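Q: When you line the sequence shown up against my numbering, it's residues 1241 to 1733, in that order.
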Amino acid sequence: MNDKHTEGQNGASSMPKADPTKEGMRSLRDRIRETKATRWIRFGVVSVLFFLWVIWMGNPWLSIFWLLLLDIYITAYIPWTWWKGKQGPVRSVMAWVDAIIYALVLVYFIFAFIGQNYKIPSSSLEKSLLVGDYLWVNKTIYGPRVPQTPLHFPLAQHTMPFINTKSYLENPQLAYHRLPGLRSIERGDIVVFNYPQGDTVTLKIQNPDYYQICYDLRRNGVENPREYIEQNRQMFGDIVWRPVDRRENYVKRAIGLPGEFIEIRRDSIYIDGQPIAEPDHVQFNYIIPVSGAIPNEKWSEIGVRGDDHGSAPTFSEIAGFSYYNVPLTKEMKAEVEKWQEVIGPLRREGQSGFYDLSGMFPLDADYGWTRPDMGPFWIPKRGSTLHVTLENLPIYERAIRVYEGNDLKVKDGKIYINGEQTDYYTFKMDYYWMMGDNRDRSADSRYWGFVPEDHIVGSPMFIIASFDEEKSLFDGKVRWNRILRDANPDKKW
């Protein structure tokens, strides 16, 4: 009796023990009961969008993150809003932090899977797209890529503004995977893609790229360009590697498609032996013999940018006359030919003999190709097998070795891929041939070759805004007539 009385006094056995499972369930029921109807509605909408995204991604394992949404909106076991019970500066600061985080997460998903803005920095697609155009790039048209570098700041491509540090973490790196899109790339599409040779860059000189710099150094007698760049960091800056989706964005027009043969003859493009029509606004540089200087205003009136020509005629001692070298469309050329300052016929730059047109793709291969005359050669297609020879290897080496990640070597006149001697290779991806409409002033596939499908970002849908950087605010800086204009008018969505 005394023992029992002692136990009762100490409360060790007379009081029933609480069931932690029932306590947890009771707490969960209370949390659900206390949730307002408006929050349930928000949770329902977010859940539907989330599961549609999971279905689109084709990865059911992602469904586990729904439990995180459940806790954020309903159960709140994790104290997401701890700061709301605070007073003073803490509450104010955390309110801003909370809003910014929500905005960045939303921007991340929109930019990754729907589309994003893009600025035209150069004249390579004039007059289809102008320098200073701000575009909305549709990523759903060809299917958005699942981010290969998932940990990145959504508002910076590869460098954080002001602090100039990387805007991403290199690890983890995910395998290439593209979600279903509306259609595939068609000839004539204007396409945004990551720069294929942008994997290695020198931070102080990023245009031309690292590989072009090495090529130019070799042409100038430097035996070991890589070592030279390493020893001259003050000139070139640090050498860095960038993942595919963190490389510079380029925009060009799709000219050659997977599985086609392409050839360029005197600036005309042939696909599978047949000439193709040129874009409406295609431009070529013309040598224009003149009797004297032509005012910049006169050039501006027909749409020639100030950075497309000199303020005075360029004199060539070889030709013995003064001339301008200016990019012109057919309509612009017809207008210039009427000017009284023009004293002779206009000639294409590529056919004038005034300029060195070598240095074309593939670098370090002596095919004798020039900018107006290349090929013919085959564009790789996913699942197609190529007979690889020492003669055509320079064309396809980068695709096989770099873009598709194989160990490729040549030993004793034989080709080895992943340690095995072979004369055939089956491509894992589709490839494209991209060119600018401003043909003689476009750094495009003629210089760096094929664009792999895993580099494709999307296609410009419309022009958000447009600013002429050569004009003042009160002198036509804003191009009002281009706002919301279709950025790819020749194609149907």
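The C-beta atom is built at its ideal place from N, Cα and C for all residues, glycine as well.
Predicted model only: the values in this text are computed from it and were never measured.
Under a Cβ-count criterion, where at least 16 other Cβ atoms within 10 Å of its own Cβ denotes burial, should V1566 be classed as buried or exposed?
A: Translated into the one-based positions of the sequence shown, residue 1566 becomes position 326. Burial call: buried.
Q: Would you call the segment 1369 to 1376 and the segment 1691 to 1711 in contact, with 3 or more CB pairs under 8 Å?
A: Counting Cβ pairs under 8 Å, three or more are found: they touch.
Q: By the 10 Å Cβ neighbour count, where 16 or more other Cβ atoms means buried, how is L1346 classified, buried or exposed?
A: Translated into the one-based positions of the sequence shown, residue 1346 becomes position 106. Exposed.
Q: Which of the three DSSP states is assigned to Y1382 in this structure?
A: What you label residue 1382 is simply residue 142 of the sequence shown in a count that begins at 1. Note: Y1382 maps to coil in three-state DSSP.
Q: Where do the ends of the beta strand (DSSP E) carrying R1493 lie?
A: Walking along the sequence shown from the start, residue 1493 turns up at place 253. From DSSP, the beta strand (DSSP E) with R1493 extends over 1489 to 1496.
Q: Give the straight-line distance between the Cα atoms of P1361 and E1710, rounded to the nearest whole angstrom.
A: Looking up residue 1361 in the sequence shown gives position 121. Looking up residue 1710 in the sequence shown gives position 470. The alpha-carbon atoms of P1361 and E1710 are separated by roughly 13 Å.
Q: Compute the distance between the beta-carbons of M1600 and R1506, then report whether it is under 8 Å.
A: Counted from its first residue, the sequence shown places residue 1600 at position 360. Counted from its first residue, the sequence shown places residue 1506 at position 266. Cβ distance not < 8 Å, so M1600 and R1506 don't count as in contact.
Q: Skipping 5 residues on each side, what residues in its chain have a beta carbon closer than 8 Å to that of P1412?
A: For the purposes of this step, residue 1412 is taken as the residue at position 172 of the sequence shown. Answer for P1412: P1390, L1391, listed in chain order.
Q: Smallest Cα separation from K1379: which of N1404, R1282, D1485?
A: Taking the first residue of the sequence shown as position 1, residue 1379 is located at position 139. The residue with the shortest Cα to Cα distance from K1379 is D1485.
Q: Consider the Cβ of I1360: report whether some Cβ of chain D lies at a distance smaller than 8 Å.
A: No chain D is part of this structure, which consists of one protein chain only.
Q: Just to confirm, is the Cβ distance from R1722 to V1522 under 8 Å?
A: Numbered from 1 along the sequence shown, position 482 holds the residue referred to as residue 1722. Numbered from 1 along the sequence shown, position 282 holds the residue referred to as residue 1522. No.
Q: Assuming D1311 and I1318 make a contact with CB atoms under 8 Å, what is their CB distance in whole Å?
A: Counting from 1 along the sequence shown, the entry for residue 1311 is found at position 71. Counting from 1 along the sequence shown, the entry for residue 1318 is found at position 78. The Cβ separation is near 6 Å, so the contact holds.
Q: Any chance the segment 1663 to 1670 sits against the segment 1618 to 1629, with 3 or more Cβ pairs inside 8 Å?
A: Judged by Cβ distances under 8 Å, the segment 1663 to 1670 makes contact with the segment 1618 to 1629, as three or more pairs qualify.
Q: By DSSP's criteria, M1183 is part of a beta bridge. Which residues make up the other side?
A: Within the shown structure, residues of the chain are numbered from 1241 to 1733, placing residue 1183 beyond reach of any answer.
Q: Short of 7 Å in beta carbon distance, which residues of its chain neighbour A1727, apart from the five on each side in sequence? Order them along the chain.
A: Looking up residue 1727 in the sequence shown gives position 487. If we look at A1727 and ignore the five residues flanking it on each side, its Cβ neighbours are L1369, L1375, I1430, P1700, M1701, F1702, I1703.
Q: Please determine, among L1713, G1645, K1621, V1650, the residue with the shortest C-alpha to C-alpha distance to L1633.
A: Stepping through the sequence shown from its first residue, residue 1633 is reached at position 393. It is V1650.
Q: Whole angstroms are fine: how far does the CA of A1574 sit from the CA of S1562?
A: Position 322 of the sequence shown, counted from the start, is the residue given in the question as residue 1562. Position 334 of the sequence shown, counted from the start, is the residue given in the question as residue 1574. Between S1562 and A1574, the C-alpha separation is close to 20 Å.
Q: Look at the alpha carbon of R1418 and the alpha carbon of P1384, and state the distance between them as a whole number of angstroms.
A: As a working note, residue 1418 is residue 178 in the sequence shown. As a working note, residue 1384 is residue 144 in the sequence shown. One C-alpha to the other measures close to 6 Å.
Q: With distance defined between alpha-carbon atoms, name the residue in I1314, W1301, P1300 nearest to V1286.
A: Here residue 1286 corresponds to residue number 46 of the sequence shown, with the count starting at 1. It is I1314.
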